[in-house]
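Q: Shown below is the structure under consideration.
Chains as they are written, first to last, in the numbering used here: chain S, 1 to 358; chain V, 359 to 716; chain A, 717 to 1074; chain W, 1075 to 1432.
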């Protein structure tokens, strides 16, 4: 194993670069992965632009597919050379938050065991995986073996996009027969659409303005496509639902406009399931909120992680319930990472997701 | 039975008066109650002031204790002369909303079966019960016999105050061992405090500034009293919880300040259970909301109604789990209703709740 | 409208016959339907054989598709001539059981509001729908308009088979990524298989011995077919799950053997969701039950009814989530009802479900 | 620290003895506790009698209160000398079962991550705590600091009795206003009674025949006491509930008789929450089970463990919600352990629980 590796680091607002860094030391509970495929997330773009602050010099990226290179001395149940993924969120398993079933808010190391977004470590509080190697903390909680029959690209969406998107439907508690609206059909919104279908929603309304995205939404399960550049989406959804509104509205972008629209199409007693990363305060409109008397629920979800979650998501793919390969529209080597960010952040050339191979 | 009766009607903004009105006709599914005791709610004050619009001439009030005077031709299972209560919310039982377990958003009569706050009819969309008689719609869904051993005043809080207050804890899904903060200790906030205790919260933090209300909160189960006129309640609650925040925060007033404070003391993964009636848009602060990544839940609840709910609440009282008589601080006859509103709306003389007897 | 009609009545153990009966009087809350299509259920066969007791002379059948012929004086929101279905279970909507969300155990008319299976009235405690006309009680709770684009046969499974089958998955709380075994692939088991698929189960194991039924199971979503006449189903399922067992096991027959097998393949912490109608005591095996320490759940479900349930199920069909027409293998007129029972009860000629048209 | 210690070991059916054993080596994830107080559980008596098999030579006991003597090299967040408890169940935190929220069925070390009762290790699969020292596995998941103001005896019921008893009410999903019957009022049944009260049950019916136990049940919240040696408990409970039955029935003994009685008093749609350790197959009576159509739920629960659970239970005590000191009726030193077992197993002298101090 080499002593150094290439890694994509955050330099300063607007600048990332590929640098040579030492291959990390493996602690007793860690595993060192050799990355075979990874990708870029919208959150990484926020980080690159300095909109979400991380330490200068941090390796970014949080969606690893790889091979176990070395296991910590206390890690049992895996072997070197094994193909695995880990979630974008890598909880400890043992914090109070984890023991309350709130792994994403893992506060391992705090006195009470909770920290907002504390489960998100890769590319946030520890070095991430747009690199040749990544250290996976609490390996026994997080490493999920990849079934032989699945390719890297088939499981590349599991660590974040698919886990987050599905959680929009799951936290919305979609039931058989529900009508669900999904605002924004980027990769996460598309996975929310697919998740709503997978949970039994019978009328799914996908909102976006990019025809290609709406077309994929149709293939993944949307019954109605609403192009918000052509119609008022709130009026259109109320029309489609005969004035009733939707049982569950999923917000998958992170803006006041989509949040508010989601609120306005929600039937009384409905759930607004929010996945977006917001950058400002949010306003809940008084009327849509029925003055606080509408029995509404607003719920936010950070990408569920952990090896059991990853196992389940890979099984969704392995058993043919969903095919997300079409989302991978472009491929780059790690050496081309700056170019990949440039394409992805400007959403050029119809890019949905890129595959990066070291 | 007389042909006419006295009834408290909304005249115009700022004005209610006691008028003579016809005793209503009894439809096949209705029951006519002779009111023996009723009360005034904060919502009635909003209505009197014109802050919540109702039709001029409507009889107001939504908290009836009474005796069945006449039963509709299709009503079975009750007898005239029986002592009963009905909830402030009188759902039909058969709308789509009811059949989804969302009785308060009952849309009986709409094509899809949903209407925001549609279950709230008394003193809102039909004549209410600050009168000598009231017509209870869908009587078989709504009439709950009062156990002989309970007085009118003992059950007077069941139709609204207690049902609403408890629902703050119920919708917050309070678990054994939870830490719960309750913002505002008016009658509903006090019942939320009692409800949190009843569901197993082990640390209850009551926030208000009126010493008498805080003292009652202590008797009903609060472990810590926070006087927001003396300390910053957010800082104090974070101090009391060692920086962790609360599992459930209950908002029981209906202002941006209390809503925002509730949000700011919520631990990641916690639930803000809102009971307040708001009169403006609400702002969710970006930082307290963890940019939408804190796994937070915000839930609002309109007073649960129906006869089964009333039965359960009366059993809470009958079996000694809670004593709300101390909340009845003043007593008036129906003839004194204007005077009673004056006292209650200005919160003079330490008034908590008034009992009105026709 | 004629004064009399043809109706299928239970005569005595082993004997049903088509008789002339008066067309029923319509009470204020009722609706009279002219049946256009109905079917025979396994439960009807139990009734015919005398294994489930009903009164001699009762009209049997509980799966109506029809047209509103007359509405009770208090029924609003429908019109005569409208095409509707009603569920096999016709709850009142207003009993305490209904108000607890337990409509199938509706005890309308009892002093406390609960009665085991009380929501099941058609062909059990009141005249059913294998007749030219049927009286639907509590019509506003139960009548669900059929979308124009759906044929009678397309919605014929909604009142019972589909509602019951789906409830096996729903009561089992199937999650995305679950492994589910379904024991018996008769019409209800097949709908349980389809329901598990619809809720996101990723590995579905269907157990039966009839090749045609297993073949339909495959089309409706089963990933593995287990022919219990060729392999030991418990061993085979444990092999397929790598010794772990299934997250949810659905029993869809009603025998000790299937119940016990379901128990034996359940992982610790798993749920056995039982749909079968049993005719003897059941034994829970000590070892499979982990001596009572396995965190197991056993849950039974009686067909959910009510108009909202029917609306949702018809939407599943209307929006192409499931096609159950292949289940209708044979067609008869009402005059041929005895012949239809004969075929269906002996499961001759590959019969799955029959359509009966008056 | 000494090299050897005294420990209570299982020798053979019917025989335990106090032996000298080596003080265990501390692995990287372990903590070594010096036991300050422990107790004997009914399960230990089963083990002693050979009714539940464990390896000869194993140290038994699973309810530790102690002081941290030494921490494993990878354990952070604790210090030597700290007073702590650990649950009877000591999950890893990182198995698939734990990540599904099913810590008691922890399968750490198996290929799929599940093992029936796998979370129960102390005195079952590893050395337990009726000794001078005990090794706590996965210490960061399991060690819960004891608040200074609580004595050893005040927290002695947390590791098992209180956690198990409460879980009877929790798994039964007791709601405000529920009627709950608890069968058997030994230490666990008493804690189930207290748990039902703590969750808002308003009518609690305690069944036993020992007057002292019924008297404690009354103090802990029972509204009705049923002495099954004097009345038929099923008939009496049906009488008390006006023929309706109970919402939740908790079984806290582990016999066919109590299980069956619990089933027979359950209203349709109710939940039988079983805590007992059974030693034979169980029979579900056909009629009480409504032939499988009663919407019943049967759920079993193994004592929830982990440090967050322990923290919550200690807070119940610290904040005065429950006082279990009266359950400690007898005190012994570790040297008297055989004598203590003799008293406890024969339930002589009104013994409820014993405190053992090394």
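Beta carbons are placed, not taken as given, at the ideal position from N, Cα and C, and that holds for glycine. Just so we're clear, the structure is a prediction, and the values are computed from it rather than from any experiment.
Run through chain W and tell me which residues come within less than 7 Å of residue 977 of chain A, C-beta to C-beta.
A: Close to residue 977 of chain A, with beta-carbon spacing below 7 Å, lies no residue of chain W; the smallest spacing is near 15 Å.
Q: Between the C-alpha atoms of residue 1283 of chain W and residue 1309 of chain W, what's the straight-line distance to the nearest angstrom?
A: 16 Å
Q: Helix or strand or just coil, what does DSSP make of residue 1302 of chain W?
A: coil
Q: Is there a Cβ of chain A sitting closer than 8 Å to that of residue 498 of chain V, yes or no?
A: Yes, because at least one Cβ of chain A sits closer than 8 Å to the Cβ of residue 498 of chain V.
Q: Could you tell me whether the Cβ of residue 1173 of chain W comes closer than 8 Å to any Cβ of chain S?
A: So yes, residue 1173 of chain W belongs to the interface.
Q: Taking 8 Å as the cut-off, decide whether the C-beta atoms of residue 1336 of chain W and residue 1323 of chain W are in contact.
A: Contact annotation: residue 1336 of chain W and residue 1323 of chain W have beta-carbon atoms nearer than 8 Å.
Q: Please list, in chain order, the chain V residues whose beta carbon lies closer than 7 Å to that of residue 281 of chain S.
A: 641, 642, 643, 644
Q: In angstroms, rounded to a whole number, what distance separates the CA positions of residue 1136 of chain W and residue 1169 of chain W?
A: Inter-residue distance for residue 1136 of chain W and residue 1169 of chain W is about 21 Å (C-alpha atoms, whole angstroms).
Q: Buried or exposed, going by whether 16 or more other CB atoms sit within 10 Å of the CB of residue 710 of chain V?
A: buried
Q: Along chain A, in chain order, which residues have C-beta atoms closer than 8 Å to that of residue 666 of chain V?
A: 812, 815, 816, 829
Q: Closest by CA to residue 497 of chain V, which one among V:705, V:455, V:665?
A: V:665
Q: Nearest-angstrom Cα distance between residue 744 of chain A and residue 818 of chain A?
A: 25 Å
Q: Report the start-end ranges of each alpha helix (DSSP H) in the region 394-476 of chain V that is 4 residues or longer and not cut off at the edges.
A: 400-406, 454-457
Q: Under a three-way DSSP split, which group does residue 1079 of chain A fall into?
A: The first residue shown for chain A is 717 and the last is 1074, placing residue 1079 of chain A beyond what the model contains.
Q: Is it buried or exposed for residue 625 of chain V, if we count other Cβ within 10 angstroms and need 16 for buried?
A: buried
Q: Report the residue ranges of all beta strand (DSSP E) runs contained in full by the region 249-305 of chain S; include only those spanning at least 3 residues, in chain order.
A: 266-274, 282-284, 297-300
Q: Take residue 640 of chain V and list the residues in its own chain whose beta-carbon comes closer than 7 Å to its own, dropping the five residues that flank it on each side.
A: Excluding positions up to five away in sequence, the list reads 614, 617.
Q: At least one CB of chain A closer than 8 Å to the CB of residue 226 of chain S: is that the case?
A: no
Q: DSSP beta-bridge partners for residue 380 of chain V?
A: DSSP lists V:362 as partners of residue 380 of chain V.
Q: Using the beta-carbon of each residue, which ones in chain A are nearer than 7 Å to residue 1190 of chain W?
A: 984, 1006, 1010
Q: Report buried or exposed for residue 244 of chain S, applying the criterion of at least 16 other Cβ atoms within 10 angstroms of its Cβ.
A: buried
Q: Short of 6 Å in beta carbon distance, which residues of its chain neighbour residue 1108 of chain W, apart from the five on each side in sequence? Order them along the chain.
A: 1140, 1141, 1143, 1207
Q: Whose CA, out of S:194, S:131, S:315, lies closest to the CA of residue 338 of chain S?
A: S:131
Q: Taking 8 Å as the CB-CB cut-off, is residue 531 of chain V touching chain A?
A: no
Q: Does residue 1445 of chain W come out as helix, strand or coil in the three-state DSSP assignment?
A: Residue 1445 of chain W is absent from the structure shown; chain W starts at 1075 and stops at 1432.
Q: I'd like to know if residue 1271 of chain W contacts chain D, where contact means its C-beta is closer than 8 Å to some C-beta of that chain.
A: Among the protein chains of the structure shown, namely S, V, A and W, there is no chain D.
Q: If we require 4 or more residues per run, which alpha helix (DSSP H) segments fall completely within the region 1192-1241 of chain W?
A: 1213-1216, 1226-1229
Q: Applying a beta-carbon distance threshold of less than 9 Å, which residues of chain W neighbour residue 76 of chain S?
A: 1182, 1183
Q: For the region 669-709 of chain V, list the beta strand (DSSP E) runs that are entirely contained and at least 3 residues long, ordered along the chain.
A: The qualifying runs are 686-691.
Q: Residue 823 of chain A to residue 1365 of chain W, Cα distance in whole Å?
A: 18 Å
Q: Taking a Cβ distance cut-off of 9 Å, strictly less, list which residues of the region 1090-1118 of chain W are near chain S, in chain order.
A: 1101, 1102, 1103
Q: For residue 600 of chain V, would you say it is in contact with chain S, using Cβ-to-Cβ distances shorter than 8 Å as the test?
A: yes
Q: How would you label residue 422 of chain V, buried or exposed, when you count the other beta carbons within 10 angstroms and need 16 or more for buried?
A: buried
Q: Counting only beta-carbon separations shorter than 8 Å, does residue 451 of chain V have a partner in chain A?
A: yes
Q: How far does the alpha helix (DSSP H) with residue 196 of chain S in it extend, from its first residue to its last?
A: 187-198
Q: Taking buried to mean at least 16 other C-beta atoms within 10 Å of its own C-beta, is residue 347 of chain S buried or exposed?
A: Residue 347 of chain S should be labelled exposed.
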